[in-house]
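Asker: Throughout, the numbering used here is defined as the position within the sequence shown, counted from one, plus 196.
Think of the CB as a built atom: it goes at the ideal place given N, C-alpha and C, for glycine as much as any other residue.
None of the values given here were measured: they were computed from a predicted structure.
Sharing a structure, written as structure tokens. Questions coming.
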Amino acid sequence: MKTESPWWAPARHADRRPLLLARNRMQAAMRAWFAAEGFTEVDPSALQRSPGNETHLHAFATEAVAPDGARARRYLHTSPE
Numbered sequence: 197m198k199t200e201s202p203w204w205a206p207a208r209h210a211d212r213r214p215l216l217l218a219r220n221r222m223q224a225a226m227r228a229w230f231a232a233e234g235f236t237e238v239d240p241s242a243l244q245r246s247p248g249n250e251t252h253l254h255a256f257a258t259e260a261v262a263p264d265g266a267r268a269r270r271y272l273h274t275s276p277e
């Protein structure tokens, strides 16, 4: 019986390595451009359908627009820790 190598074994991803390296270079170039222009990169919370039921917390609301133009009200999580 042949045992398959673990998913994290480098040999399993060798064919994807050139693509991943190119993607990394593109991301680095975009981040460098935005940084040079004075932008600050942030990691926003995921949007959720409901703001929750916390009486004393008020979730930030926004409108999500899908590629087809459909709009939906969404909220940032009030306690992302």
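Going by DSSP in three states, L243 sits in which element: helix, strand or coil?
Answerer: strand
Asker: Which one of A228, L272, A266 and R212 has the shortest CA to CA distance from A257?
Answerer: L272
Asker: What separation, rounded to the nearest whole angstrom, lies between the Cα atoms of R213 and A228?
Answerer: 22 Å
Asker: Check for me: the beta strand (DSSP E) holding A268 runs from which residue to which?
Answerer: R267 to L272
Asker: Run the proximity test for L253: is its beta-carbon closer than 7 Å to any non-hydrogen atom belonging to the ligand GDP?
Answerer: This structure lacks the ligand GDP, and indeed carries no ligand of any kind.
Asker: Given a cut-off of 8 Å on the beta-carbon distance, is the pair A242 and G248 in contact?
Answerer: no
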